[in-house]
Amino acid sequence: MKAADYNRSTPYIQSMVSCLSKVVDDGYKEDFIATREGLESSSSRKLYSPNEVKVITSFRFEGFSDPHDSAVLYVIETVDGVKGTLIDGCGSLADPFVFKFIADVESRNEKLMIN
Numbered sequence: 001m002k003a004a005d006y007n008r009s010t011p012y013i014q015s016m017v018s019c020l021s022k023v024v025d026d027g028y029k030e031d032f033i034a035t036r037e038g039l040e041s042s043s044s045r046k047l048y049s050p051n052e053v054k055v056i057t058s059f060r061f062e063g064f065s066d067p068h069d070s071a072v073l074y075v076i077e078t079v080d081g082v083k084g085t086l087i088d089g090c091g092s093l094a095d096p097f098v099f100k101f102i103a104d105v106e107s108r109n110e111k112l113m114i115n
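Read in order, the letters of the sequence shown are residues 1 to 115 in this note's numbering.
Okay, structure coming up:
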């Protein structure tokens with residue numbers, strides 16, 4: 001199967017790639033990785049805790065015919081101005097480190113809004 005045929009049969013991939021391209025063009029160039037220790041910059045290896053990160057927005061992409069093909073793209077900015085993205089699968093393919101980190105960030109943001 002050619003790449004063009006694959007993209008036609010799974011349009012969510014085109015959507016995710018175009019969305020990722022747009023946020024990279026907007027300056028969100030860093031790739032982040034969620035680890036047991038925190039959110040890691042793939043280029044500098046610097047670790048960020050949940051209180052050092054803001055999720056600007058997120059995009060969920062649904063699989064065309066298979067729910068396991070779903071993914072979430074998080075657009076992130078750190079306290080020191082690093083802008084980037086974090087991608088996670090959905091359902092059984094979700095990364096537990098991503099889930100915990102994003103939940104901690106959202107919990108922190110809720111506390112800030114209440115105070």
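All residues carry an ideal CB built from backbone N, CA and C; glycine is no exception. Keep in mind it's a predicted model, so treat the numbers as computed, not measured.
Within 10 angstroms of the Cβ of Ala34, are there 16 or more other Cβ atoms? Answer buried if so, exposed if not.
The residue is buried, with at least 16 neighbouring Cβ atoms inside 10 Å.
Status (buried if at least 16 other CB within 10 Å, exposed otherwise) for Asp88
It counts as buried.
Tyr28 and Thr78 look like a contact to me (Cβ under 8 angstroms); what is the Cβ gap, rounded to whole Å?
Not really, about 11 angstroms apart at Cβ, beyond 8 angstroms.
Candidates Ser15, Asp80, Pro50: which alpha carbon is nearest Glu30's?
Nearest of Ser15, Asp80, Pro50 to Glu30, Cα basis: Asp80.
In the DSSP output, what is Glu106 paired with across the bridge?
Beta-bridge partners assigned by DSSP to Glu106: none are found.
Is DSSP giving Gly91 helix, strand or coil here?
Helix at Gly91.
Lys29 in three-state terms, based on DSSP
Lys29: coil per DSSP, three-state reduction.
Taking buried to mean at least 16 other C-beta atoms within 10 Å of its own C-beta, is Phe32 buried or exposed?
Within a 10 Å sphere around the beta-carbon of Phe32 sit 16 or more other beta-carbons, which makes this residue buried.
What residues are listed by DSSP as bridge partners for Val53?
Thr78.
In terms of residues, what are the limits of the beta strand (DSSP E) holding Ser41?
For Ser41, the enclosing beta strand (DSSP E) stretches over residues 39–41.
Nearest-angstrom Cα distance between Ser43 and Ile76?
One C-alpha to the other measures close to 15 angstroms.
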